[in-house]
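Below: one structure, written as structure tokens.
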Amino acid sequence: GRCDFYMSRGVFWPLLYALVVPRASPLRALINARIIALREFGVYEVWARSQTPNMTHCLRMPTKIKFQEAYTIFHLWVVFIVLAGGMVLAFLVFLCELALARLTYLTS
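If you read the sequence shown in the numbering used here, its first letter stands for residue 17, the second for the next number, and so on.
What follows is the structure, encoded as structure tokens:
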């Protein structure tokens, strides 16, 4: 099987769904009761399982990810591109500062 999502093993908070209503709305108590009923009758779990068909396989995934090969310089090419881009940008800012300093010196 294939897992498209990381499935957490812990439960953070059992009621992670809500509807936004005004604070003094008379519908608030009714909506809260329906949401709690969805949770208690297991409807939410049925919906969640229908959206993640490999849920049992994903829950049995190993907790530690093992890399088969060591990092090499080739694996870090994006880091070097970001470094080069930052250096080019810093050089351009330096040139702008020199031009601005020269311009203010000539106009004063």
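Ideal placement from N, C-alpha and C gives every residue a C-beta, glycine not left out.
C-beta atoms of residue i and residue j nearer than 8 Å
i: residue 35; j: residue 52; result: no
i: residue 74; j: residue 19; result: yes
Host alpha helix (DSSP H) of residue i (start-end)
i: residue 67; result: 59-67
i: residue 109; result: 93-123
i: residue 53; result: 43-56
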